[in-house]
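Enquirer:
What follows is the structure, given as structure tokens:
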């Protein structure tokens, strides 16, 4: 579900997942880390959204 939202919005950020999925920061950040480990999104990019790698 998280990956579908990222593809739809073309925005890979923890705050976007928090808002769209109504999650806390820790859970949303963990999901983003898992997506990074699996090659779907790039590494943290400061305050900017992560690069979307997978499709």
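Numbering (the numbering used here), first residue to last: -18 to 36. Glycine residues also receive a C-beta, built at the ideal position from the N, C-alpha and C atoms. This one's a predicted model, so the numbers in the text were calculated from it and none came from an experiment.
1) Does the separation of the CB atoms of residue -15 and residue 33 fall below 8 Å?
2) Do the CB positions of residue 6 and residue 22 come within less than 8 Å of each other?
3) If I follow the unbroken alpha helix (DSSP H) through residue -17, where does it start and stop?
4) Under the three-state reduction of DSSP, which class applies to residue 19: helix, strand or coil?
5) Taking its Cβ as the centre, do 16 or more other Cβ atoms sit within 10 Å of residue 0, making it buried, or is it exposed?
Expert: In brief:
1) Start at 1 with the first residue of the chain shown, and residue -15 comes out as number 4. Start at 1 with the first residue of the chain shown, and residue 33 comes out as number 52. Not closer than 8 Å, so no.
2) Residue numbering aside, residue 6 sits at position 25 when the chain shown is read from its first letter. Residue numbering aside, residue 22 sits at position 41 when the chain shown is read from its first letter. Contact: no.
3) Mapped onto the chain shown, residue -17 falls at position 2. -17 to -10 is the span of the alpha helix (DSSP H), which, as asked, contains residue -17.
4) For the purposes of this step, residue 19 is taken as the residue at position 38 of the chain shown. Residue state, collapsed to three classes: coil.
5) What you label residue 0 is simply residue 19 of the chain shown in a count that begins at 1. The residue in question, residue 0, is exposed, as its Cβ has fewer than 16 Cβ neighbours within 10 Å.
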